[in-house]
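Quick note, the sequences are listed as chains D and Z, same order.
Using the working numbering, the letters of the first sequence correspond one by one to residues 5 to 486.
Using the working numbering, the letters of the second sequence correspond one by one to residues 2 to 769.
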Amino acid sequence: MARDHIRFLLNDREVTLHDVAATDTLLDHLRLTARLRGTKEGCAEGDCGACTVLVGRLEGGALRYQPVNACIRFLASCDGCHVVTVEHLRGTDGGLHPVQRAMVDHHGSQCGFCTPGFVMALYALWMENPTPSEPEVERALQGNLCRCTGYAPIIRAALAMGAHGTTDPLMDERAQVAARLAAWADGDRVEVTNGQSRAILPACVDDLAQVFAQNPDARIVAGATDVGLWVTKFLRDLPVAVFIGHLHDLRAVTETEDALHIGALVSYEDARAPLVTHFPHMTRYWDRIAGWQVRAMGTLGGNIANGSPIGDTPPPFIALGARLVLRKGAVRREMPLEEFFLDYGNQDRAPGEFVEKIILPKPAPGTLHAAYKLSKRRDEDITAVALGICLTVADGTITGAKLAFGGMAATPKRAAHAEAALVGQPFALDTLQNAAKALPQDFTPLSDMRASADYRMRAAQNLLTRFWLEQSGEVAALEDVQ
Amino acid sequence: MKDEGRITGAAHDSVIHDSAIKHVTGRAEYTDDITEPVGCLHAYIGTATVAKGRVTALDLSAVRAAPGVVAVLTEEDIPGHNDISPTGLNDEPIFTRDVQFHGQPLFAVVAESRDMARRACTLAKVSYDRADHATDIDAAEAAGYPDVTAPLTLARGDAARALAKAQHRIQGRMRVGGQDHMYLEGQIALAIPGEDDEMTVFASTQHPSEAQHMVAHALGVPANAVVVNVRRMGGGFGGKETQMNLFCTVAALAARATGRAVKLRPDRDQDMEITGKRHDFRIDYDLGFDDSGRILAVDGLFAARCGWSADLSGPVTDRALFHADNAYFYPDVRLRSRPIQTNTVSNTAFRGFGGPQGLIAAERMIEEIAYKLGRDPLEVRRANFYREGADVTPYHQQVTDNILTRLVDELEVSSDYQARRKKVLDFNAKGGVIRKGIALTPVKFGISFTATWYNQAGALLHVYSDGSIHLNHGGTEMGQGLFTKVAQVVAEAFQVDLSRIKITKTTTEKVPNTSATAASSGSDLNGMAALNAAEQIKARLVAFAAEKWGVAEDAVQFLPGRVAVGADIVPWDDFIKSAYMARVQLSAAGFYKTPEIHWDRAKGQGRPFYYYAYGAACSEVSIDTLTGETRVDRVDVLHDVGRSLNPALDLGQVEGAFVQGMGWLTSEELVWDDAGRLRTHAPSTYKIPLASDRPRIFNVALAEWSVNPERTIKRSKAVGEPPFMLPVSVFEAIGMAVASVADYRECPRLDAPATPERVLMAVERLRG
Ligand SMILES: Cc1cc2nc3c(=O)[nH]c(=O)nc-3n(C[C@H](O)[C@H](O)[C@@H](O)COP(=O)(O)OP(=O)(O)OC[C@H]3O[C@@H](n4cnc5c(N)ncnc54)[C@H](O)[C@@H]3O)c2cc1C
Ligand code: FES
Ligand code: FES
């Protein structure tokens, strides 16, 4: 029996809803139904952070809060969660919260429209680390735009917030909240409808396999950082949506002797630590994916499954020789990640089949790696060109080469001609530059608002030079300059 | 601890923004947060999907039949005038069938919910008789498009002759991109119909009086029937000076048609597609100078992409010419504007109002001279600053208040410019992939509306019998802290704590015929008007006290929280109470108009500006010559706000303007495709700076010694716009880093914005 309603905790109130459309967003619920108007809409596409709220849920018995963009978070996916909005913040004395106090003291608001979103993002950071460093603050604020302040006062506030206090009432209530959420965890499938659309939350992965095999036309929604925009920007309907973000079994990263097994629902944020540990060359690259809110929501499975030519996961993963595990019903199949992308908008995925996990082999000895992303703005921008590199070099000679590009073709794609120009050649600048000369045989990139074809090609070629320089110990990236 | 001898929140104190606590707690109410009247409907605008052409058929039957739709409005449903041209040119219909840009409003839907209205809009079936369009300056010129408004020429001496004789002569062209305001709160209006012909509108607007007139005009009712209110905006930056007119009028028309309250809030994409932006410019310059680097003559042509209608393009392009000298004396000069029509959204006011686009041309010419002569651009700048005997601008105003020499000298020292420039040169000499650049550039910005009649303001002040004060004025609050500053002025005048003053929403009911809160003039004008109101009440209080206590008027003194009358000290509240009992009028309407300014546009002569605000910035950047990526490593700013009314708020304006200006010159790029569609219409595609883009080191200081020589409010200076131009130093530093690849032999001639793509292409061009 499926449960026919969702329930969640909104600040200190329990909310039970039966009449829910698959496309209803959390932000509309907050502003229009609950009439909590402190949470703002600045873009409805996950880019500005004005709608930032915290969503807490139980993970392995512990309560964990993360910042999310309420504008693209679907209401149905809040089942079993604790949603915290700016209205709920207060200090231990009932007055301003330390984060709010710091923002006021440092003149962190001007027009104030971005402010509740900043406060919530900083609140999420404060919970994890009340005395963050400047780079940590910047990383936490990649998903928040402010047009007035120039950010300087907000950063000053963030650096000072710990000094205003490190506890608050919400922390004191944690155990209570966790107990309430735990009491709700009935292990049931949830199915809600507003009469026109259906939202299904499978009980577990096997249930998902069953639901999806039975409803192959349903739309899977993982982090909703893509599907959310279809709804808010393009007004698309979701007749049947299967929300899977809550399925713990697919949120794990496990390590074997020679590989990492990454569940499809592992978020960008949760993938960070294992990736950085095993593939340090991906640290900077990874930190340039979206902002914190989207990183907390968006999943690796979703980033791969949507097949975008400018998704950031595929290029470095393909270079590393990643494999993809797909599942339909009880049947699984495995393939090299690069073979999943057939053409623009077309992947090797059967109806009713879903991405279950990604297997990422650990680097083999003698391999050299890099991952590069170019975009108009450094952070929280969609890629113009991305490149994952893996070269095997033995005794100064390149014996294996994988160059996987994003933004250069209709799919994430390896550069066959350029790779051929590398293999068997000495590992030298000339060799890389010759390979660069072969790139036009591999790609005819597009011009769009992000970059021209000409820029994409030249920059892609130059990245091979950057790689050689870096491997030779030279400074070849802005971040490495004093 | 409260100091008995001082009020809290006096003028010149760094008090927090009046709404700061409301901002951080989410309790600050914006237009979309106002509790809607019962039965409130929602409107949405349907737009054209071609860039130019006639609508041959507008089939809205499916729209009307869509769920929740209550009404549909087209140009036939406008009882008054179908026009919202802010300059009276009658060239800006609300709805049209003669399409001039992709995204132009054709109709509106009114429905039970916003979602329903939005969805219904997509059901329109529109047929067009398409025509060829021109979206940019070159295409419009080639197609023989007209100017949207009369161009301006500023001239002094004989530029042609002086250029012909000059030792050195350089001709060049520069392109400067536009900019979207990207206020975090988008456009919005809520219209509530009243009895008879009355209409009340709540809107996010910098110019309530104009919105009031436009609504009246569209409804065909007198202005006295319409009230426009705004408590605060979530950012304006010029984008709500005229651009709200569309949303206010459509909401009001819908409210009139349905007899119900109607709210209209476009989504971000539509907001960016429908509303005007900063003008992009194409600047042709012809420059003569001598061996010492002194400018001899300048001839400049400033063509601007104005969009389909005039809007504010006239005054914007005028202001570009007013600032095409920045801080430099041009002995012989001719400057011309070309406000050309294009099939794009009608460009409008944006912080600086054309000034930045003029100023950057001056700095480009300085660069040209420096590269040509192999000199440090800072030396060239100094050689050309306005100075005694060389102090007349191209518009014949004498520059009498120049403080740039001191300002730049101080900044040169505090930023350690010389030593760092040498380090940068040494670093680049090593020839790595990463190159550096450094530049120190000045700003001189003229303060006043060039439309002289705009330089007036009103205020309404009530002192209630319990001693509390209600303050109202015609200025609007968009984050700049205007309300706080004006309240500080009033607190100071009465010597009461700031907390005794209630700041209230701007409304056309209280102060009529106000000017836009724009041109950085908010505190200058409204501060003075409020002070005038306070002085009137004070004069009455003094007369009353002198009579009642039988002392001379000069024996009445306003002390912190109390009034001294002769030997008696009366607490403020008691004093006011007794004034009330004595039937003293405790309310006053204040007024102010800026003295001494005048402008004859036909002659190109006058004193359009009451005074100038100055500033300078030194910026150091790194660029990656393989990818064109840039990073701002350090910025030092010294900025002039006269005697600051509130240093904390002023610093905030400087920092904020700097980063916004950096965005204009680096990552913010507007792209139209071949079909004339704007492709960058949301933050996903249009990239304003993020926290991690701000300068790695950012030292901002106010020139504390500066005092406005003119009698402005407390001798302060305007601060909203001038610092927006400081990041020209960032742009020029990027240019220097680029030029290093050709050993600085050639002026890099970067176009703006310096996106990674433009930087990389410039590097490759210079490498040859
Ligand atoms: C503000 C913002 C910034 C962004 N920045 C970046 C960026 O820097 N780099 C980048 O690469 N992307 C970026 N994105 C894009 C986005 O994160 C991904 O494209 C998104 O798909 C990630 O996954 P998700 O879980 O959110 O996907 P969803 O939106 O939930 O789903 C996307 C698609 O994948 C399908 N799907 C999801 N999971 C599965 C599964 N397990 N099996 C089968 N199908 C599945 C869905 O049905 C849907 O078609 C950004 C998005 C936003 C809103
Ligand atoms: S409203 Fe902009 S991120 Fe949600
Ligand atoms: S304070 Fe206005 S957008 Fe941040």
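From the three backbone atoms N, C-alpha and C, an ideal C-beta is built for every residue, glycine too.
Predicted model, so just to flag it, every value in this text is computed and none were measured.
- Annotated as distal: V64 of chain Z and V100 of chain Z, with beta-carbon spacing of 8 Å or more.
- Close partners of H18 of chain Z in chain D (Cβ separation under 9 Å): V108, H111, S113, Q114, G116.
- Nearest CB-CB separation between I22 of chain Z and chain D: below the 8 Å threshold.
- The beta carbon of R232 of chain Z lies closer than 6 Å to those of K506 in the same chain, with the five residues before and after it left out.
- Between the stretch 576-596 of chain Z and the stretch 371-384 of chain Z there are fewer than three C-beta pairs closer than 8 Å, too few to call the two in contact.
- Around ligand 1, the residues selected by a Cβ distance under 5 Å to any of its heavy atoms are D:G50, D:D51, D:I224, D:V225, D:A226, D:G227, D:A228, D:T229, D:D230, D:V231, D:A268, D:I293, D:A294, D:V298, D:G302, D:T303, D:G305, D:G306, D:N307, D:A309, D:N310, D:G315, D:D316, D:F358, D:V359, following chain order.
- For S620 of chain Z, the uninterrupted beta strand (DSSP E) run begins and ends at 612-625, by DSSP.
- A144 of chain D and A398 of chain D have their C-alpha atoms some 41 Å from each other.
- Contact annotation for I158 of chain D against chain Z: A692 [CB-CB distance below 9 Å, chain order].
- V335 of chain D counts as exposed, since fewer than 16 other beta carbons sit within 10 angstroms of its beta carbon.
- Shortest gap from the CB of G112 of chain D to any heavy atom of ligand 2: 7 Å or more.
- Under a 10 Å Cβ-count criterion, H22 of chain D is classified as exposed, with fewer than 16 other Cβ atoms of the shown protein chains found around its own Cβ.
- Distances from the alpha-carbon of L761 of chain Z to those of D:C47, D:S379, D:L330, D:N438 put D:S379 closest.
- Contacts with chain Z (Cβ-Cβ distance below 9 Å) from the stretch 428-453 of chain D involve D452, M453, listed in chain order.
- In this structure, DSSP gives H86 of chain D an extended state, which the three-state scheme calls strand.
- Cβ-Cβ separation between V444 of chain Z and M737 of chain Z: approximately 19 Å, too far for a contact (criterion under 8 Å).
- Secondary-structure assignment with DSSP links Q200 of chain D through no beta bridge to anything.
- For a Cβ distance threshold of 9 Å, residue set Q114, C115, C152 of chain D lies close to Q481 of chain Z, ordered along the chain.
- S685 of chain Z is a Cβ neighbour of I386 of chain D, given a cutoff of 8 Å.
- Neighbours of P209 of chain Z in chain D, taken as residues whose beta carbon is under 9 Å from its own, are absent, since the nearest beta carbon is some 17 Å off.
- Boundaries of the alpha helix (DSSP H) harbouring F484 of chain Z: 483-495, taken from the DSSP string.
- Shown here, Y348 of chain D sits in coil according to DSSP, grouped into three states, outside any helix or strand.
- Around M412 of chain D, the same chain offers V389, F447, P449, R460, A464 as residues with beta carbons nearer than 7 Å, after the five sequence neighbours per side are excluded.
- Each residue's CA atom was taken as its position, placing A6 of chain D and L79 of chain D some 18 Å apart.
- The beta carbon of T287 of chain D does not come within 8 Å of any beta carbon belonging to chain Z, so the residue lies off that interface.
- Shortest gap from the CB of G179 of chain Z to any heavy atom of ligand 2: 7 Å or more.
- For A144 of chain D, the distance from the CB to the nearest heavy atom of ligand 2 is not below 7 Å.
- Ranked by Cα distance from I275 of chain Z, the options Z:T36, Z:R678, Z:L360, Z:D427 are led by Z:R678.
- Every unbroken stretch of the beta strand (DSSP E) spanning 3 or more residues and falling wholly within the stretch 198-286 of chain D is given here in chain order: 202-205, 223-225, 244-247, 257-259, 263-267.
- By the C-beta density criterion, L304 of chain D is buried, having at least 16 other C-beta atoms within 10 angstroms.
- By the criterion of a C-beta distance shorter than 8 Å, G249 of chain D is surrounded in its chain by S81, V225, A226, G227, A228, L269, M301, T303, once the five residues flanking it on both sides are discounted.
- With contacts defined as CB atoms closer than 8 Å, T349 of chain Z and E186 of chain Z fail to qualify as a contacting pair.
- For the pair L691 of chain Z and E384 of chain D, the CB atoms are nearer than the 8 Å cut-off.
- Shown here is that no member of the stretch 461-475 of chain Z has a Cβ falling below 7 Å from a Cβ of chain D.
- The residue among Z:V720, Z:Y129, Z:A58, Z:D634 with its C-alpha nearest the C-alpha of N700 of chain Z is Z:D634.
- When DSSP states are grouped into helix, strand and coil, Y418 of chain Z belongs to the helix group.
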